[in-house]
Structure formats: C-alpha cells, structure tokens
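Chemist: All residue numbers in the sequence shown are consecutive under my numbering, ending with 380. Glycine residues also receive a C-beta, built at the ideal position from the N, C-alpha and C atoms.
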Amino acid sequence: MSLTVLTDAQAKSVLDNLTATQLLGFQRHLSKALREYSTNTQSIEDGTYHQPPRTHHSNPRTGTTTLFMPSVGPTGMGIKVVTLSTPGQQVAPAIKPTGAIMLFAPDGTATGLLHAGAVTAFRTALASSCLVNLRSTVRDIIVFGAGKQAYWHVRLALIQKGSTAARVTVINRNKTTAQEVLRDLDNVPSEVKAREGWQAAKLDVLSPDTPDYKGLLQQRLREADIIFCCTPSTEDLFDGSILTSGEGRKKTRLVVAVGSYTPAMRELPEELLLQSAKAPRNDPLDGGAIVVDTLEGVMTEAGEIIHAKIGPSRLVELGEVVDLDQNSSAAGEAKHKDEARARWLSEGNVIYKSVGLGLMDLVVGGYLIEVASEGHLGTRIEGF
C-alpha cells in the first residue's frame, strides 16, 4: 500500500476548482459520517466512529497552542496536529495556523499525509454548508473574520447559492485583511462566477473605521440571510438586541459560529442563544434548539454555550438533521416532526455552533486524497 502526500498548494488546487457536483460528493461523505456518528447507525462489522477527546499544549515562549485531534472510523484512523496563536497572546510575527493530518488504514498502515491549512478551513466550512444547502432563501451573506475559515464559508455558500446571492459583506477590525478575502473572491475566474450565478453580486467590507459603522452593522445584520462568525473572539461580535428585538425578528436567518473553541472564547451574544434555545411555542420557525457539530465537545469547549448555561436537551447534533430527505419513510407523528424540523432548517431561525471534531479531518482528508488522485496530484510513496 502506498502513502499519499498532499502539500497545502496541492490540496488548495483541488478545492479551488470544485464544481457543485464535486462539492456535493464531499457533503455526502461528511454528512453520512456525521449521521452515523450521531445516531450509531453503522454496522459493527463495518466499524464504528469513535471520537477521542482532543488535547492541547500551550507554549508561552512562542505564544502558540498546539491541538492534537484523533479520530477512528470504518475507513481507519486519523490524527491532526495543528498549531495556532494562543488567544490573547501578542506574537510578532503573527503565527498562522499550520500543521498536518495523518491517515491510517484499519490495520495501522499509513495511507495519507496532508498539510492541514486549507483542509481544516475547508472541512469546517463543508460541515456548515450542509445547513446552507437546506436554506430556501440566500441573498445577503455576512462573514465576521478575514482568514481561511471566512473565505471558505463564503466560497462554498456561493457555489451552492450563488444564483440568488446579491451581496457579501466581510466584517473585520482590520480593513486591509478583510479586503484580502474580497480579493480572493474577486479572483475566482469570471466563467466560474457566471456558472455559479454570482457574477453581479456586490462584495463589500465593513470595519470600525467605516463611516456610520454601527448603523451599517445593524442594517446589514438585519438584512442578512446567513451570518458566518469565523473569529477567535473572547467577546460578543455584535449586540444581541439587533437580532432579538421585534425589528430584528422580522426576518429569519442562519447564524453559523465556528471561530471560538475554548470556554474563554465567544462570538455570539447570550440573549440570541437563549432565544433560539427556548422551546417553540406558536412559531415553528424558532425550532427550540441549537445545532452543534458534537454535543460533548460543545458542552466542554464552546464558551457561548457554557456561559449561557444551555443544557444538552436544547442542543441537536448536525448529524441528526443533515439528511432529513432520507427519512421520508417515517409515518404519523414521526413524519410530522421531521417535516416541522425540515421547515425550521429551511426557513427558520437556526444557530449552528461548531468546535470541530477529528472525524471531519478523517473523512474529508480521505476523500480529498481520492479526488486528488483522479487528477494525478500528490506524491505517492510505495511500501512506506
């Protein structure tokens, strides 16, 4: 068996050229794994998914934190080691997230080694895109942050919903770095934009030095169909009342928060989370739950959830909801619940909180190697 090595540039080359059909292939692989992880529907003979807890180590000398993220599944095992700046640490020069993903066959044979940069940002956005895919209306997209996570969340949304997208707004403290995200989007070939339908979409930047920033921020948030939060923030990114007030609730939206991953970090205001976690009464579009990637991970690592004291009964894992179209055989009360949940995910107020889990790297990394091999990308080491 050979070991396939993919550099960051090679992985990015594959991902940058994805078509909607290829993206759907990635989504199907990931959603199937998440569904099996959340519902334990895979057979014992085929192997089961196990998600050992991740560990981390902080280096005060370099101002960095290294995460170790293992995973086990039917296709084998994997571990990602990634190093990034410790929140609150001022390091010069700035440390960009970097690391590697190692994949193994069930018998322990090494099968893949991938640079973790583009893959990590892509797989996180890919999980979010499973919910974006369900939304009935997407015209206005907002993203907080200006890194790879921000770019890939917007990029995948445009692949899926570009035909209706009218405006993308990047919000960041540093206007220059925010403009880099727009530059990357603008550099997408014109024929690709036309194929995806967003060649006429307006690309915009908001930063604190923008005239009437607070007024524009409130306006854009209330007009947004999707809000992506992709920053390692330790405080709320916006005033919760902007969306929880009567004026803010005139429109429903999907809010995705993926940037914070420790108990000390938070992006979303508590009142917004509590409003979404309330049991639905007269309005089925409120859902009464927050979607999370991993219940155990979020309960111990997501600062927003911990601070708001939201219990597991008000959380639902992504793997339980991303494949509702295959549950159409349900009958009676179960079918009614599925239909109500499907409407909520399509048209309602939905919050998705992700802290990441290793099986995403295992599944997406393995499938990426398959796709790259079809395009003759990567280095193969025989008999490793």
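1) Compute the Euclidean distance between the alpha carbons of R376 and D136, then round it to the nearest angstrom.
2) How many angstroms separate the CA atom of G74 from the CA atom of S124?
3) Closer than 6 Å by C-beta to N323: which residues in its own chain qualify, once you throw out the five before and the five after it? Chain order, please.
4) Whole-angstrom Cβ separation of W194 and G158, contact assumed at under 8 Å?
5) Please report the straight-line C-alpha distance between L358 and K349, rounded to a whole angstrom.
6) What is the rounded straight-line gap between the Cα of T0 and the Cα of H52?
7) Can you confirm whether the stretch 107 to 122 touches the stretch 0 to 14 when touching is taken to mean that 3 or more C-beta pairs between the two stretches lie within less than 8 Å?
8) Three or more C-beta pairs closer than 8 Å, one from the stretch 137 to 151 and one from the stretch 216 to 226: is that the case here?
9) In the DSSP assignment, find the unbroken beta strand (DSSP E) run with M356 in it and report its ends.
10) In terms of alpha-carbon separation, which member of P185, V177, F100, T133 lies closest to T15?
11) Look up D136 in the DSSP assignment and give the residues it is bridged to.
12) Going by alpha carbons, who is nearest to I138 out of I155, T165, Q156, R179?
13) Which same chain residues, not among the five before or five after G371, have their C-beta less than 7 Å away from its C-beta?
14) Should T17 go down as buried or exposed, given a rule of 16 or more other Cβ atoms within 10 Å for buried?
15) Based on Cα-Cα distance, which residue from A190, R339, T172 lies nearest to P204?
16) Can you give the Cα-Cα distance for E219 and S132, rounded to whole angstroms?
17) Please go through the same chain and pick out, in chain order, the residues whose beta-carbon is closer than 8 Å to the beta-carbon of G72, but skip the five residues on each side of it.
18) According to the Cβ coordinates, are L264 and I238 closer than 8 Å?
19) Would K274 be called buried (16 or more neighbouring beta carbons within 10 Å of its own) or exposed?
Modeler: According to the structure shown:
1) 43 Å
2) The alpha-carbon atoms of G74 and S124 are separated by roughly 21 Å.
3) Because N323 sits at a pLDDT of 48, beneath the cut-off of 50, its placement in the model cannot be relied upon, and the point is left open.
4) 4 Å
5) 20 Å
6) 27 Å
7) With the cut-off at 8 Å, the stretch 0 to 14 and the stretch 107 to 122 touch.
8) yes
9) Careful: M356 lies outside any beta strand (DSSP E), inside the alpha helix (DSSP H) at 354 to 370.
10) P185
11) R163
12) The shortest C-alpha separation from I138 is found at T165.
13) Hits under 7 Å: V10.
14) exposed
15) T172
16) 15 Å
17) Cβ neighbours of G72 beyond the five flanking positions: L99, F100, A101, P102, T107, L358, G362.
18) Going by C-beta atoms, L264 is not nearer than 8 Å to I238.
19) exposed
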